[in-house]
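Here the structure is laid out as structure tokens; the discussion comes afterwards.
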Amino acid sequence: MDNKIYSAFESNNEITLYEGDCFNLVKSLPDESVDLIITSPPYAMGKAYERAEDDLDDFAIKHQQLFPELYRILKVGGSVCWQVGYHVKNGVVTPLDFVINQIISELNHSIYANKLILRNRIIWTFGHGLNAKERFSGRHETVLWYTKGSDYEFNLDEVRIPQKYPGKKYYKGEKKGEYSGNPLGKNPSDVWSIPNVKANHIEKTEHPCQFPVVVPQRLIKALTYPGDVVLDPFNGSGSTAVAALLEHRKYIGAEINKKYCDITKSRIQDVLDGVATYRIDKPVYEPKGNSSVTKKPNHFEW
Ligand SMILES: C[S@@+](CC[C@H](N)C(=O)[O-])C[C@H]1O[C@@H](n2cnc3c(N)ncnc32)[C@H](O)[C@@H]1O
Numbered sequence: 234m235d236n237k238i239y240s241a242f243e244s245n246n247e248i249t250l251y252e253g254d255c256f257n258l259v260k261s262l263p264d265e266s267v268d269l270i271i272t273s274p275p276y277a278m279g280k281a282y283e284r285a286e287d288d289l290d291d292f293a294i295k296h297q298q299l300f301p302e303l304y305r306i307l308k309v310g311g312s313v314c315w316q317v318g319y320h321v322k323n324g325v326v327t328p329l330d331f332v333i334n335q336i337i338s339e340l341n342h343s344i345y346a347n348k349l350i351l352r353n354r355i356i357w358t359f360g361h362g363l364n365a366k367e368r369f370s371g372r373h374e375t376v377l378w379y380t381k382g383s384d385y386e387f388n389l390d391e392v393r394i395p396q397k398y399p400g401k402k403y404y405k406g407e408k409k410g411e412y413s414g415n416p417l418g419k420n421p422s423d424v425w426s427i428p429n430v431k432a433n434h435i436e437k438t439e440h441p442c443q444f445p446v447v448v449p450q451r452l453i454k455a456l457t458y459p460g461d462v463v464l465d466p467f468n469g470s471g472s473t474a475v476a477a478l479l480e481h482r483k484y485i486g487a488e489i490n491k492k493y494c495d496i497t498k499s500r501i502q503d504v505l506d507g508v509a510t511y512r513i514d515k516p517v518y519e520p521k522g523n524s525s526v527t528k529k530p531n532h533f534e535w
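The opening position of the sequence shown corresponds to residue 234 in our numbering, with each subsequent residue numbered one higher.
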């Protein structure tokens, strides 16, 4: 692998990190050159990396401009995964995935073949966050997963998790006595309980809004193959870059803030040196106990 971090895209690059506006980077990418786009954009909530005056309309306009270009550079059969939460202003809560889905629906009107098709709305739930006083405290965000067209990759076996009752067997019918579960584990479902990156998380950097590496890592494993190209247009601290490189995919990212680019370069170097710190994808449930249904059979692989 070529370990160099290139600042401008060339088709042979393994790693490209563009320091600047993602619109410029995306415009420089050839048609149908990316297998998977994963990102978490700014939510127009006045964070340190946003313009204070940006509001929901700016959020929508930016996405209306960006998505046609993202569609152009995405391969047919490729995927887009957009991770968003909620825009909250004066007590009014707007789910940003509603806004995104509306923009994609409108884009689809102008597309004849290979429209963007929603495959999952994944609920990412976590234990910590602000404690609200006038509504229930927010403890989830979402990931919208779209494919370009109807013929796409989904490598479920790469992301299976342990079953609760791995020793359970069919008790009647043709398969009586056989294990009912898949020896590779079960489908992780569309509700992912994964700790968010707070102060004592081993992945925490100076970036105020990182997602954990395991979120993009699961998507990368399920939706691409080694050697495929992953793009994160709102790179932040480079969590998608870390996940992509750990899984031997090529990476392209754009980040407008130099400090976050520097953090990303350092995290990438740690992956290349084999010393990256990240939380591994822990199963939601570890089977315990010795009863016939809870005990893991010897031939199960996880
Ligand atoms: C929600 S954060 C992404 C966090 C990232 N997922 C991580 O784990 O670190 C959004 C990032 O987009 C960057 N950004 C905002 N506008 C941008 C633009 N037009 N082009 C590139 N990056 C931009 C911000 O500086 C911020 O770091």
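Idealized CB from N, CA, C, for every residue including glycine. A quick note: this is a predicted structure, and the numbers were derived from the prediction, not measured.
{"Check": "With distances taken Cα to Cα, identify the nearest neighbour of Ala-476 among Pro-416, Leu-505, Ala-293.", "Outcome": "Leu-505"}
{"Check": "Should Ala-487 and Leu-258 be called a contact, given that it needs their Cβ atoms to be closer than 9 Å?", "Outcome": "yes"}
{"Check": "Please return the same chain residues whose Cβ sits closer than 8 Å to the Cβ of Gly-400, not counting the five positions on each side in sequence.", "Outcome": "Tyr-412, Ser-524, Ser-525, Val-526, Thr-527, Lys-528, Lys-529, Pro-530"}
{"Check": "Kindly indicate the opening and closing residues of the beta strand (DSSP E) around Asp-268.", "Outcome": "267 to 272"}
{"Check": "In the structure shown, what three-state DSSP assignment does His-434 receive?", "Outcome": "coil"}
{"Check": "Below 8 Å, how does it come out for the stretch 266 to 274 and the stretch 316 to 325: are there three or more Cβ pairs, yes or no?", "Outcome": "yes"}
{"Check": "To which residues of the same chain is Thr-473 closer than 6 Å at the C-beta, ignoring the five residues directly before and after it?", "Outcome": "Ile-271, Pro-449, Asp-465"}
{"Check": "My output table needs one value for His-342: the three-state DSSP class, helix, strand or coil.", "Outcome": "helix"}
{"Check": "Taking 8 Å as the cut-off, is the C-beta of His-440 nearer than that to any heavy atom in ligand 1?", "Outcome": "yes"}
{"Check": "Identify which residue in Leu-299, Val-447, Gln-297 has its Cα closest to the Cα of Leu-479.", "Outcome": "Val-447"}
{"Check": "On the DSSP letters alone, give me the boundaries of the alpha helix (DSSP H) that Lys-483 sits inside.", "Outcome": "Lys-483 -> not in any alpha helix (DSSP H); beta strand (DSSP E) instead, spanning 483 to 488."}
{"Check": "Three-state secondary structure (DSSP) at Ile-453?", "Outcome": "helix"}
{"Check": "Tell me the rounded alpha-carbon separation between Ile-453 and Lys-483.", "Outcome": "11 Å"}
{"Check": "Just to confirm, does Thr-249 get its C-beta within under 8 Å of one of the non-hydrogen atoms of ligand 1?", "Outcome": "no"}
{"Check": "Could you check where the alpha helix (DSSP H) with Leu-464 kicks off and where it finishes?", "Outcome": "Segment 462 to 465 is the beta strand (DSSP E) holding Leu-464; no alpha helix (DSSP H) there."}
{"Check": "In terms of residue numbering, what span does the alpha helix (DSSP H) encompassing Gly-504 cover?", "Outcome": "It is worth fixing the name first, because residue 504 is Val in this sequence and not Gly. Note, Val-504: alpha helix (DSSP H), 491 to 505."}
{"Check": "Do the stretch 416 to 431 and the stretch 488 to 507 touch if we need at least three Cβ pairs shorter than 8 Å?", "Outcome": "no"}
{"Check": "Helix or strand or just coil, what does DSSP make of His-541?", "Outcome": "Beyond the ends of the chain as shown, which are 234 and 535, falls residue 541; an answer cannot be given."}
{"Check": "What are the boundary residues of the beta strand (DSSP E) that Ile-427 is part of?", "Outcome": "It is not in any beta strand (DSSP E) - Ile-427 carries neither H nor E in the DSSP assignment."}
{"Check": "From the DSSP output, which residues share a beta bridge with Tyr-379?", "Outcome": "Val-313, Leu-351"}
{"Check": "Assign Tyr-379 to one of two classes, buried (16 or more other C-beta atoms within 10 Å of its C-beta) or exposed (fewer than that).", "Outcome": "buried"}
{"Check": "Cutting at 7 Å between CB atoms, please list the residues of its own chain near Asn-341, excluding the five before and the five after it.", "Outcome": "Lys-348, Leu-349"}
{"Check": "With DSSP run on the structure shown, which of helix, strand or coil describes His-296?", "Outcome": "helix"}
{"Check": "State the beta-bridge partners of Ile-333 as determined by DSSP.", "Outcome": "None, per the DSSP bridge assignment."}
{"Check": "Would you report the Cα separation of Arg-393 and Gln-443, rounded to the nearest angstrom?", "Outcome": "24 Å"}
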